[in-house]
Amino acid sequence: MSGKIIFLLLIAVLLAACSPAGTSTLAVAVTEPSASTSEGATPITLIDDLGRTVVLAVPAQRVVSLAPANTEILFAVGAGAQMVGRDETSDFPAAALALPTIGGYSGFSLESIVALHPDLVLAQGGGFNSPELVASLEELGLTVFSLPNPTTLEGMFNNLETVAALTGHVNDVPTLLASLRARVSAVDEKIMPLSYAPTVYYELDATEPSKPYTAGPGTFVDLLISRAGGVNIGSALEGQWAQISLEQLVVANPAMIILGDAAYGETPEKVSQRPGWGTLTAIQTGQVFPIDDNLVSRPGPRLVDGLEALARLLHPGVFK
Amino acid sequence: MKIRPFLYTLLFLVLVVVLSIAIGSVFIPPADLGRILVGWMKREALSEPLKTFAFILTDIRLPRTVLVLLSGAALGGSGAAYQGLFRNPLADPYLIGVASGAGLGAVLAMSLKWPYSFWGLMAVPAMAFISALLTVFLVYALARVGRTVPTTNLILAGVAFSSFASALTAWMMLHSTGELHRAIAWLIGGASQAGWGPVLTVLPYLALGLGVLVLSGHALNLLQFGDEQAQQMGLPVTRARALILLAASLTTAAAVAFSGIIGFIGLIVPHVMRLWFGADYRRLLPLSIIGGAGALLLADVFARSVMAPQELPVGIVTAIVGAPFFLWVLRRAKNQGYW
Amino acid sequence: MVTDHMLRIEGLSVSYGSRRVLRGVSLEVNSGEVLALIGPNGAGKSTLVRAVSGVIPVEAGCIQFIDPARGSMDLHSLPPMERARTLAVVPQAAVMPPAFSVWETVLLGRTPHLNFLGQVSAKDEDIARLALQKVDALDLSSRRVGDLSGGEQQRVLLARALAQSTPVLLLDEPTSNLDLHYQVSFMETVGTLARSDGLTVLIAVHDLNLAARYASRIALLVAGELKAVGTPCQVLTVELISAAYNLPVQVIQNPFSDTPLVIPGTI
Numbered sequence: 001m002s003g004k005i006i007f008l009l010l011i012a013v014l015l016a017a018c019s020p021a022g023t024s025t026l027a028v029a030v031t032e033p034s035a036s037t038s039e040g041a042t043p044i045t046l047i048d049d050l051g052r053t054v055v056l057a058v059p060a061q062r063v064v065s066l067a068p069a070n071t072e073i074l075f076a077v078g079a080g081a082q083m084v085g086r087d088e089t090s091d092f093p094a095a096a097l098a099l100p101t102i103g104g105y106s107g108f109s110l111e112s113i114v115a116l117h118p119d120l121v122l123a124q125g126g127g128f129n130s131p132e133l134v135a136s137l138e139e140l141g142l143t144v145f146s147l148p149n150p151t152t153l154e155g156m157f158n159n160l161e162t163v164a165a166l167t168g169h170v171n172d173v174p175t176l177l178a179s180l181r182a183r184v185s186a187v188d189e190k191i192m193p194l195s196y197a198p199t200v201y202y203e204l205d206a207t208e209p210s211k212p213y214t215a216g217p218g219t220f221v222d223l224l225i226s227r228a229g230g231v232n233i234g235s236a237l238e239g240q241w242a243q244i245s246l247e248q249l250v251v252a253n254p255a256m257i258i259l260g261d262a263a264y265g266e267t268p269e270k271v272s273q274r275p276g277w278g279t280l281t282a283i284q285t286g287q288v289f290p291i292d293d294n295l296v297s298r299p300g301p302r303l304v305d306g307l308e309a310l311a312r313l314l315h316p317g318v319f320k
Numbered sequence: 321m322k323i324r325p326f327l328y329t330l331l332f333l334v335l336v337v338v339l340s341i342a343i344g345s346v347f348i349p350p351a352d353l354g355r356i357l358v359g360w361m362k363r364e365a366l367s368e369p370l371k372t373f374a375f376i377l378t379d380i381r382l383p384r385t386v387l388v389l390l391s392g393a394a395l396g397g398s399g400a401a402y403q404g405l406f407r408n409p410l411a412d413p414y415l416i417g418v419a420s421g422a423g424l425g426a427v428l429a430m431s432l433k434w435p436y437s438f439w440g441l442m443a444v445p446a447m448a449f450i451s452a453l454l455t456v457f458l459v460y461a462l463a464r465v466g467r468t469v470p471t472t473n474l475i476l477a478g479v480a481f482s483s484f485a486s487a488l489t490a491w492m493m494l495h496s497t498g499e500l501h502r503a504i505a506w507l508i509g510g511a512s513q514a515g516w517g518p519v520l521t522v523l524p525y526l527a528l529g530l531g532v533l534v535l536s537g538h539a540l541n542l543l544q545f546g547d548e549q550a551q552q553m554g555l556p557v558t559r560a561r562a563l564i565l566l567a568a569s570l571t572t573a574a575a576v577a578f579s580g581i582i583g584f585i586g587l588i589v590p591h592v593m594r595l596w597f598g599a600d601y602r603r604l605l606p607l608s609i610i611g612g613a614g615a616l617l618l619a620d621v622f623a624r625s626v627m628a629p630q631e632l633p634v635g636i637v638t639a640i641v642g643a644p645f646f647l648w649v650l651r652r653a654k655n656q657g658y659w
Numbered sequence: 660m661v662t663d664h665m666l667r668i669e670g671l672s673v674s675y676g677s678r679r680v681l682r683g684v685s686l687e688v689n690s691g692e693v694l695a696l697i698g699p700n701g702a703g704k705s706t707l708v709r710a711v712s713g714v715i716p717v718e719a720g721c722i723q724f725i726d727p728a729r730g731s732m733d734l735h736s737l738p739p740m741e742r743a744r745t746l747a748v749v750p751q752a753a754v755m756p757p758a759f760s761v762w763e764t765v766l767l768g769r770t771p772h773l774n775f776l777g778q779v780s781a782k783d784e785d786i787a788r789l790a791l792q793k794v795d796a797l798d799l800s801s802r803r804v805g806d807l808s809g810g811e812q813q814r815v816l817l818a819r820a821l822a823q824s825t826p827v828l829l830l831d832e833p834t835s836n837l838d839l840h841y842q843v844s845f846m847e848t849v850g851t852l853a854r855s856d857g858l859t860v861l862i863a864v865h866d867l868n869l870a871a872r873y874a875s876r877i878a879l880l881v882a883g884e885l886k887a888v889g890t891p892c893q894v895l896t897v898e899l900i901s902a903a904y905n906l907p908v909q910v911i912q913n914p915f916s917d918t919p920l921v922i923p924g925t926i
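Residue numbers (the numbering used here), protein chains in the order written: chain A, 1 to 320; chain B, 321 to 659; chain C, 660 to 926.
Here is the structure:
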């Protein structure tokens, strides 16, 4: 009986502890002067991927990135020096590695983010950073912007403009976009007259070699392979992470195998040793190539690098 | 009633609470903690860095601590109740489908991609809660034979429905690859939301459910002798079992709605309490509640500090730490027949 | 304290599904009396005890407890708590959680007299202690139920039923697992208590000679029907017993008491 009383008292004590000195709000300490020119007195108002209207009085000077693509975009538009924190998987450019980390795929530390006093937290939408995370950060008084997950190169270019607006680099971004667009056009021009489009199997995961995963329709891999003058055999399948059976693969018999899982240790030699894979033309003709998957899947400016890399693989004669 | 078990368990709880407040990805020196407390008592405004530290304490660490305590209390209490109801040492709060039902509801809400507005975000915990309770009602109705609900039927119906719900959930997850990470993160368990919203939402259900459970100790003692003897000693068996089952399921559903599916606490904490303090349910229930709160909080502290600033999912910590700990306690038990 | 209670069972019929197990059984047991229920396996003895105690549904008939002070109560329609204040059961080969102590187990018998939280008063403890004394098990109080022998467990169950302080006591083959010594001591205790405390005792028993020696009356149940009710001499006859058990028997006088002694023959 007394045990129950103690327990109830404990609950009461805990509830009482929940009323600290009022509700405190985090004061955003903007202590560092901005490196770039400010936009004048007009506030920056944009609508993010979750439909939220985000208003910044001045361009953000202390940015925390919650996704590797966001980090790359920030550096690309010239806002690298305005970053104060990154997620664990942000590994490009090398300068990003010097930034403190605030969590990653298995969870973010709200405390670490708050302690950095950011004036903008850049999240990635489309399921990468959950809406719950955005809500929690909002609850803590932080300004969060969730960048939409693009499905086209134009969408990615829009994100570059958005981030430039948020960080006060609107004047710098046209040059960047022009150069990126020029490189894409260059690839388009060389591809257009070609009549041969090799079939490609792009491997995402082959932990089970008889049922590997390939990039399905709607992915950037799929988009870039087409743009680079190839045919992605995964586009006929369902889902972004599409599972293909070895039998289907043998029937499709792609002209080329591109190993997106090269970072996990897959090599052309290992692939040729897989049981049943030896019959594939691509293996017999040695058309198995590794690639840095980040170039073709991270929705950032390096997608253009990825496009060029794919074009060089698919049409080596045309692209040196 | 002996006071010592409660003292020990409460002491453990208090220690863990102190740890939870003191430890996090941001290191707050103990001296600063002291200055913050002094500042609060004097009602003075704090300067940096104390101001940020204080904010972290009140808006991140404290609400999280309380939410985890409540979830652990719910799991410990309903675990003890389930073990008593089913007279089975392997019973845990998820036995008749609360977990799989909640998972189905949560993933369904995520797949429907409701908009960000308030309802959209609360949809996941609300759907998890509702479908967890619906599952229990469904399983109970399926297991009914005439006017009684035999234990074996309950377990079988629960297992069958759980498999069905898990399969549906997996199918939905495969088909909405965009929400896959969010779904997995929720299912694995963990309390990473800021603010007091979740705590306030969950509190009424937990207070009600745990209150009923704490008062059910005598009935559970009677039930250990089987339904017939319990009835012959005066317990209205069917009604009592339904009430306790409802309270335990309500408590679990509320805990799971915000914290996801955290395993091992509901199974192991009651066993440890039983080993150390005896099988009397009038004592075992409140002890399991307090012990569950402390154990889960300890696991949470570990989860957020061992790989800071990354956070391990709490469900993984409870499994990895819980199982060997329980085996150790079991081996050291002097009396083997503690059940 | 001897008062004139009576347990009256009239026209009791019980079925398990479509199988009828008891047909129209009528019995009366008075206070201070031990009525032994005998019969071959499957006759329905256990069923009768369980039906009277209210744990299995009754198809037809009524079970009444008649108390001169309060009139007659229909036991079956009572809520379990009230019924438990009227009759207590010593079950057969019972489920017992091994970690409970004897003391805790016997105290549970006080349930119908406690509040819903199960708070035990000093008076409840006195009654429990007295019950243990009566069955000569007070020294077992702190032992764990799982560590006891079969005989000790049965005595504990009897103590628990006694602690329930009811006018009616039902026992379902409580001596099946006991050795000779314990069988005799158990039955002697029950008989003594019935007389001294004025209990109304209905006991289902396997052993005919035990029934003969310690029961004031015997009821013979065969295939769900009551074949005979009367004193041991009236019921334990060669004709009735050999017909009931399908076995030739001889009945002689028990040299220790004035009761019949049944000796089984060969098939």
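By construction, the Cβ of each residue, glycine as well, lies at the ideal position given by its N, Cα and C atoms. Because the structure is a prediction, the values reported are computed rather than measured.
Using beta-carbon distances, ARG355 (chain B) does not count as an interface residue toward chain A, since no partner is under 8 Å. Chain B places a beta carbon closer than 8 Å to that of GLU132 (chain A), counting this residue as a contact. At a C-beta separation below 7 Å, ILE102 (chain A) has these neighbours in chain B: PRO629. For GLN893 (chain C) and CYS721 (chain C), the gap between their C-alpha atoms comes out near 26 Å.
Note on the segment 843 to 892 of chain C: whole beta strand (DSSP E) runs with a minimum of 3 residues are 859 to 863, 876 to 881, 884 to 889, in chain order. Taking a contact to require three or more Cβ pairs closer than 8 Å, the segment 531 to 540 of chain B and the segment 454 to 468 of chain B do not qualify as touching.
Taking 8 Å as the CB threshold, ARG602 (chain B) lines the interface with chain C. Contact with chain C is absent for ASN473 (chain B), since none of that chain's Cβ atoms lies less than 8 Å from the residue's Cβ. DSSP assignment within the segment 494 to 556 of chain B yields the following whole alpha helix (DSSP H) runs of 4 residues or more, N-terminal first: 500 to 508, 517 to 534, 537 to 543, 546 to 552. Fewer than three pairs of CB atoms, one per stretch, sit closer than 8 Å, so the segment 578 to 594 of chain B makes no contact with the segment 299 to 315 of chain A.
For SER685 (chain C), the enclosing beta strand (DSSP E) covers residues 678 to 689.
Bridge partners of GLU203 (chain A) according to DSSP: A:THR214, A:LEU259. The CB of SER712 (chain C) comes closer than 7 Å to the CB of GLN552 in chain B, given here in chain order.
In the DSSP assignment, GLN812 (chain C) falls outside any beta strand (DSSP E) and within the unbroken alpha helix (DSSP H) covering 809 to 822.
Those residues of the segment 524 to 556 of chain B placed with their C-beta closer than 7 Å to a C-beta in chain A are VAL534, ordered along the chain. DSSP places LEU828 (chain C) in the strand class (E or B) of the three-state scheme. As summarised for the segment 338 to 384 of chain B, the continuous alpha helix (DSSP H) elements at least 4 residues long and confined to that stretch are 350 to 361, 370 to 376, given in chain order.
Closest in C-alpha terms to PRO756 (chain C), from the list C:ARG803, C:ALA787, C:ALA796, comes C:ARG803. DSSP places ASP293 (chain A) in the helix class (H, G or I) of the three-state scheme. For ASN232 (chain A), the secondary structure class from DSSP, reduced to helix, strand or coil, is strand. For LEU746 (chain C), the secondary structure class from DSSP, reduced to helix, strand or coil, is strand. In this structure, LEU605 (chain B) keeps its C-beta atom at 8 Å or more from the C-beta atom of ILE585 (chain B). When the alpha-carbon of LEU259 (chain A) is set against those of A:GLY234, A:ASP205, A:PRO59, the nearest one is in A:ASP205. Excluding five sequence positions before and after LYS211 (chain A), the CB atoms of its chain that fall closer than 8 Å to its own CB belong to GLN243, ILE244, SER245, LEU246, given in chain order.
ALA365 (chain B) counts as exposed, since fewer than 16 other beta carbons sit within 10 angstroms of its beta carbon. Using a Cβ distance threshold of 8 Å, ILE356 (chain B) and LEU382 (chain B) do not count as a contacting pair. Between ILE926 (chain C) and GLN909 (chain C), the C-beta spacing is not below 8 Å. Three or more Cβ pairs closer than 8 Å define a contact, and the segment 109 to 126 of chain A meets that threshold against the segment 138 to 145 of chain A.
Against GLN240 (chain A), the close residues of chain B are THR497, in the order they occur along the chain (beta-carbon pairs closer than 7 Å). With contacts defined by Cβ atoms closer than 8 Å, ILE504 (chain B) and SER536 (chain B) do not form a contacting pair. In the DSSP annotation of this structure, the continuous segment of the alpha helix (DSSP H) that includes LEU314 (chain A) starts and ends at 302 to 314. Taking 8 Å as the cut-off, the beta carbon of ALA702 (chain C) is found closer than this to the beta carbon of VAL881 (chain C). The C-beta distance from VAL444 (chain B) to GLY417 (chain B) rounds to 19 Å, too long to meet the 8 Å contact threshold. The three-state secondary structure of LEU410 (chain B), taken from DSSP, is coil.
Against chain B, the CB of ALA164 (chain A) has no partner CB under 8 Å away; the residue lies outside that interface.
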